[in-house]
Amino acid sequence: MSFLDLGGLTLTLGLLTFLAAGTVKGTLGIGLPLVAVPLLATVLDLPTAVALMLVPVLASNTIQALQGTKQIATLVRFWPLLVTLIPSTIVAAQFLSSVDLRTGSLVLGVIVVLFSLSQLVRVPFAISKRGERFLNPVIGVVGGFLGGLSNLFGPPLIMYLVALKLEKDDFVTTIGLLFIVASSTLYATLASVGVLTFDNALASLAAALPVMAGVFIGTRLRNRIHQKSFERVLMVVLVLIGLNLVRRGLGL
C-alpha cells in the first residue's frame, strides 16, 4: 500500500500525526516513531507505516545529534551497544512484513509502564559503570530486534539512558546518535528486501515537512523546561506510550 493512494481526510490526519509526533520529538528527543507508527498503522499496513518514517527519522535525529557537543565521546561510550544493535536490526528487519507484533507489544508495554511509574514515584533505579559495560551489548540486541521488527527502537534504548541519569541535553544528543545508526541500518535493509518502495520514499520526503516543523516547535519548548520537569514529562510520555503498546497487544 502507498500513502500517496489514500484519500484527502486520511492524508490530513497523517500530516497532523507527523506534526504532533515531531513536536514530541523536538521537546523530549524521543517519540517520533513511537507516536507516529501506531497511529499510521491504524490505516496502513505496518511495513508501509515504518517505511514512511525514513526521511523524518533520519532528518530529525541528525539535527538532534548535532545540537550537542559530545558526539565523539558518546560514540566511544556506547560502541559496544552499537556493535550488537546493527546486526540485530538487520536480522529482525528480514521478518518485518510477516511478523505478528501483538504479543511483543503487550510484553514491552507492560515493562515500559512499570519502569516509568517506578521513576515517577521515585523508586531508585540506576545503573553503575560496571553494570553499563555489561548492559551495553545486551540493550543493543534487544533494541535491534525490536526496532528491526517495528521501527520502535525507542523503549529499551530510552529506558536504558534514563537509568544512566543523563542530563537532558546529553540525553537528546545520545538518543539522536543511536537512532541515526539504528534507523540507517533498518532502512538500508528494508530497501534491500523490497519493503521500501519509491512511492513510499517520496511520501516520506513529504512527511518530513510537518515533522520538522514540529521538531522546531518542540525544541523551543525544551529550552524552557527545567531538568526535573523534563524528566517527569519524559516519564509521563513513556507511560502513555507503554499503555498504547499494551492496547495494541490486546487488540483494542
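The sequence shown begins at -14 in the working numbering and counts up one residue at a time.
Beta carbons: idealized from backbone N, C-alpha and C, even for Gly.
None of the values given here were measured: they were computed from a predicted structure.
By how many angstroms is the C-alpha of A50 removed from the C-alpha of G11? In the sequence shown, counting from the first residue as 1, residue 11 sits at position 26. In the sequence shown, counting from the first residue as 1, residue 50 sits at position 65. Roughly 12 Å between the two C-alpha positions.
Could you give the distance in angstroms between the alpha-carbon of M(-14) and the alpha-carbon of F80? As a working note, residue -14 is residue 1 in the sequence shown. As a working note, residue 80 is residue 95 in the sequence shown. Because M(-14) carries a pLDDT of 49, less than 50, the predicted location of this residue cannot be relied on, and the following value inherits that uncertainty. Cα to Cα, the separation comes out at about 18 Å.
How would you label I233, buried or exposed, when you count the other beta carbons within 10 angstroms and need 16 or more for buried? What you label residue 233 is simply residue 248 of the sequence shown in a count that begins at 1. Ile is not the amino acid found at residue 233; the sequence shown has Arg there. So R233 counts as buried.
Quick test of your reading: N121 and L66, contact by CB under 8 Å. State the CB separation rounded to the nearest angstrom. Counting from 1 along the sequence shown, the entry for residue 121 is found at position 136. Counting from 1 along the sequence shown, the entry for residue 66 is found at position 81. Their Cβ separation, rounded to whole angstroms, is 4 Å, which keeps N121 and L66 in contact under 8 Å.
Between which two residues does the alpha helix (DSSP H) carrying T74 extend? On the sequence shown, position 89 is the one that residue 74 refers to. Run containing T74: Q56 to A78, per the alpha helix (DSSP H) assignment.
Closer than 7 Å by C-beta to F130: which residues in its own chain qualify, once you throw out the five before and the five after it? Chain order, please. Mapped onto the sequence shown, residue 130 falls at position 145. So the qualifying residues of the chain are S73 and A77.
Of the choices A5, G16, M38 and P18, whose alpha-carbon is the least far from that of A173? The sequence position of residue 173 within the sequence shown is 188, counting from 1. Of the listed residues, the one whose Cα sits closest to A173 is M38.
Helix, strand or coil for N46 per DSSP? Translated into positions along the sequence shown, residue 46 becomes position 61. DSSP places N46 in helix when its eight states are reduced to three.
Less than 8 Å between the C-beta atoms of I202 and I15, yes or no? The sequence position of residue 202 within the sequence shown is 217, counting from 1. The sequence position of residue 15 within the sequence shown is 30, counting from 1. Against a cut-off of 8 Å, the Cβ pair of I15 and I202 comes out as no contact.
Comparing alpha-carbon positions, which option in V22, L4, V9 and P18 lies nearest F164? Your numbering for residue 164 matches position 179 in the sequence shown. Checking every option, the nearest Cα to that of F164 belongs to P18.
Between P195 and the rest of its own chain, which residues show a CB-CB distance below 6 Å, the 5 nearest in sequence each way excluded? Position 210 of the sequence shown, counted from the first residue, corresponds to residue 195. So the list reads L0, F3 and L4, once near-sequence residues are dropped.
Whether G199 touches T8 by CB criterion (8 Å): Position 214 of the sequence shown holds residue 199. Position 23 of the sequence shown holds residue 8. Cβ atoms of G199 and T8: closer than 8 Å.
Determine the DSSP secondary structure at F138, reduced to helix, strand or coil. By 1-based counting over the sequence shown, the position of residue 138 is 153. Looking at F138 - three-state DSSP - the assignment turns out to be coil, as it is neither helix nor strand.
So, is L237 buried or exposed, given that buried needs 16 or more other C-beta atoms within 10 angstroms? As a first step, residue 237 is located in the sequence shown; it is residue number 252 there, counting from the start. Answer is exposed; the Cβ neighbour count stays below 16.
Less than 8 Å separating the beta-carbons of V222 and L13? Along the sequence shown, one-based indexing puts residue 222 at 237. Along the sequence shown, one-based indexing puts residue 13 at 28. Cβ distance < 8 Å, so V222 and L13 count as in contact.
So, are the CB atoms of L43 and S169 less than 8 Å apart? Within the sequence shown, residue 43 is the residue found at index 58, counting from 1. Within the sequence shown, residue 169 is the residue found at index 184, counting from 1. Yes. Within cutoff.
Go ahead and label L230 buried or exposed: buried means 16 or more other beta carbons lie within 10 angstroms of its beta carbon, across all protein chains shown. Position 245 of the sequence shown, counted from the first residue, corresponds to residue 230. Answer is buried; the Cβ neighbour count reaches 16.
Reduced DSSP category for K178 - H, G, I as helix; E, B as strand; rest coil: As a first step, residue 178 must be located in the sequence shown, where it is residue number 193. The residue asked about is misnamed: residue 178 is Val in this sequence, not Lys. V178 falls in the coil class under three-state DSSP.
Of the residues M144, D155, L225 and L70, the one placed nearest R207, counting alpha carbons only: Mapped onto the sequence shown, residue 207 falls at position 222. Ranking the options by Cα distance to R207, first place goes to D155.
Sequence-distant residues of the same chain with beta carbon closer than 7 Å to L162, five excluded per side: Here the question's residue 162 lines up with position 177 in the sequence shown. Counting only Cβ-Cβ distances below 7 Å, and skipping sequence neighbours, we find A50, Q56, T59 and L60.
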